[in-house]
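Residue numbers (my numbering): 12 to 106.
Built from N, CA and C at the ideal position, the CB exists for glycine as well.
Remember, predicted model here, so these are calculated numbers, not experimental data.
Okay, structure first, notes after.
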Amino acid sequence: SLAGAGPLVETPLGTAEGITAAAGVERFAGIPYALPPVGQRRFAAAVLSDGPWPQGHLDARRLGAPCINNPLGDPRSVPLDEDHAPPPSEDCLQL
12 SLAGAGPLVE TPLGTAEGIT AAAGVERFAG IPYALPPVGQ RRFAAAVLSD
62 GPWPQGHLDA RRLGAPCINN PLGDPRSVPL DEDHAPPPSE DCLQL
């Protein structure tokens, strides 16, 4: 629930709660920009989220799941903090 512990931002889909990171920067993460690519949406163009978030709010304090990638990795990629990142998932259409 949104207890006012972190910064809040109002969006057309509801209220998102973020965190105040280093140097006072307000960070909002894991914000979905499209519906999960499952079922008939798998291997199809992304479908933008159009409805409100459940209960009108979103916990945007943590990173969303990274997309599943080549297990050998990509030398151009930037490593995430793997101790705090969720495991890869097909449901990765998040900012």
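Determine the DSSP secondary structure at residue i, reduced to helix, strand or coil.
i	result
A33	helix
A16	coil
E28	strand
Return the residue from the list the options that minimises the CA-CA distance to residue i.
i	options	result
G67	P18, P23, A16	P23
L19	A56, A76, L74, D70	D70
A76	D61, W64, S100, S60	S100
P97	A56, G62, N81, G41	G41
T110	P48, R53, F54, G62	Here the chain comprises residues numbered 12 to 106, so residue 110 is not present and cannot be evaluated.
P48	C78, L83, A32	C78
N80	R72, D102, L74	D102
Just curious, the beta strand (DSSP E) that residue i is in, first and last residue?
i	result
L19	19–22
Since residue i and residue j are thought to touch, with beta carbons under 8 Å apart, how far apart are those beta carbons, to the nearest angstrom?
i	j	result
E37	G29	5 Å
G35	R72	That pair is no contact at about 16 Å.
A45	L106	The Cβ separation is near 10 Å, so there is no contact.
Q. What runs of the alpha helix (DSSP H), each 4 residues or longer, lie entirely inside the stretch 35–94?
A. none
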